[in-house]
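Engineer: Quick one: this structure, given as structure tokens, is what I'll be asking you about.
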Amino acid sequence: MAPGTLITVAPTGAETSKADLAALPTTLDELVETAKACEAAGAGLVHVHVRDDNHQPTLDLGRLTDTVGVLRAETSLVVQLSTGGSVHDPYEQRLRVLEAAPDSCSLTMGSVNFGDEVFLNPWPFVTELYLASQAAAVVPEFELFDLGHVAALHRLLEAHGLPYGGRVHCDLVMGVPGGMPGTAAALVSAVQALPAAVTSWSATGIGRSTLPVALAALSTGGHLRVGMEDTVSYARGRPVAHNAELVERAAKLAALAQRPPLTPPDVRDLLQVRAA
Ligand code: KMH
Ligand code: ZN
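Next comes the structure, spelled out in structure tokens:
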């Protein structure tokens, strides 16, 4: 059983619109304020999607680079950039995210139906991104939306070896319409199928599966991801007011499980990200 809990916060995502949820942090100032509050509440890593001046998702390299720099200056959090972007982002731009020199990047292990859309991650793209992360000394977090993605992770590690830093960290993204369900049974199946090389894993449940998935992850030795990218309701009929309240709740669950939140330096050590 892991001694402490990595709490990742995914504060923004690419799917929810600012018009639908004013509390969503879409500007750099809002993101920094959110990151600081979430760090104070127990987060150790921030999974970042950026938005443009019209609050739309963007993979603009200048914006990504500035965001990494400001988050590094203002927080101690491990900074992870999304290479998933939005379902409409082209592969070339998703690959260039690494040029913003984050500590970590997300790396989704296969395609998946994503509501009414398709989140495309064909094998050649997955391998190209993985090799680029190794060359750039960026630690990938393998995003697993389905059991087939777990099988693809076996294939990737067998073909191309360990990531930069030598640790293998995964995140089970559960409850996406089109992916594996956000249930304890699905979580246990996925965890049992993980490659032996996996050194840590977290889980997040989309929407109302957030609490069942968090409780199942804690009881199975996993870490937690929370945030408005994944959940916009704190409880039935009660929108999330701030990402920090999701982190606070996760930190309370982790403390109750006697696995208190890991600090950012602990997380750097866990994931073996490049020295700050
Ligand atoms: N926005 C989704 C299409 C990631 O950040 O790498 C993809 C996603 C996963 O959020
Ligand atoms: Zn994301």
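My numbering puts the sequence shown at residues 71 to 346.
Each residue gets a CB set at the ideal place from its N, CA and C atoms; glycine is no exception.
Determine the closest residue to THR253 out of GLU228, LEU281, VAL238, with distance taken between C-alpha atoms.
Structural biologist: It is LEU281.
Engineer: Could you tell me if GLY231 is buried or exposed, where buried requires 16 or more neighbouring beta carbons within 10 angstroms of its beta carbon?
Structural biologist: The residue is exposed, with fewer than 16 neighbouring Cβ atoms inside 10 Å.
Engineer: Quick check: LEU129 and GLY155, are their CB atoms within less than 9 Å of each other?
Structural biologist: Contact: yes.
Engineer: At what residues does the alpha helix (DSSP H) containing ALA229 begin and finish?
Structural biologist: Taken as a continuous stretch (DSSP letters only), the alpha helix (DSSP H) holding ALA229 covers 217-230.
Engineer: Measuring only the C-alpha atoms, how far is ALA324 from THR135?
Structural biologist: When rounded, the distance between both Cα atoms is 32 Å.
Engineer: May I ask you to check if the CB of HIS117 is nearer than 8 Å to at least one heavy atom of ligand 2?
Structural biologist: The answer is yes for HIS117.
Engineer: May I have the straight-line CA-CA distance separating ARG308 from GLY248, to the nearest angstrom?
Structural biologist: Between ARG308 and GLY248, the C-alpha separation is close to 25 Å.
Engineer: Which residue marks the beginning of the alpha helix (DSSP H) containing ARG295, and which one marks its end?
Structural biologist: Per DSSP, ARG295 belongs to no alpha helix (DSSP H); it is in the beta strand (DSSP E), 293-296.
Engineer: For the beta strand (DSSP E) that ASN183 lies in, which residues bound it at each end?
Structural biologist: 182-184 is the extent of the beta strand (DSSP E) around ASN183.
Engineer: Using a threshold of 9 Å, state whether the C-beta atoms of SER174 and THR333 are closer than that.
Structural biologist: No, they are not a contact pair.
Engineer: Using the Cα positions of THR137 and VAL120, report the straight-line distance between them to the nearest angstrom.
Structural biologist: Using only the alpha carbons, I get a separation of about 8 Å.
Engineer: Consult DSSP for GLU318 and reduce its assignment to one of helix, strand or coil.
Structural biologist: It is helical.
Engineer: Quick one: is the Cβ of GLY154 within less than 8 Å of any heavy atom of ligand 2?
Structural biologist: Yes, the Cβ of GLY154 comes within 8 Å of a heavy atom of ligand 2.
Engineer: In the structure shown, what three-state DSSP assignment does SER303 receive?
Structural biologist: In the structure shown, SER303 sits in a strand (DSSP, three-state: E or B).
Engineer: Give the range of the beta strand (DSSP E) segment to which GLU85 is assigned.
Structural biologist: Looking at the DSSP string, GLU85 is not in any beta strand (DSSP E), and its letter there is neither H nor E.
Engineer: Using a 10 Å radius around the Cβ and a threshold of 16 neighbouring Cβ atoms, would you call ALA113 buried or exposed?
Structural biologist: By the neighbour-count rule (16 or more Cβ atoms within 10 Å), ALA113 is buried.
Engineer: Would you check whether ligand 2 has a heavy atom nearer than 8 Å to the C-beta of GLU299?
Structural biologist: Yes - ligand 2 has a heavy atom lying nearer than 8 Å to the Cβ of GLU299.
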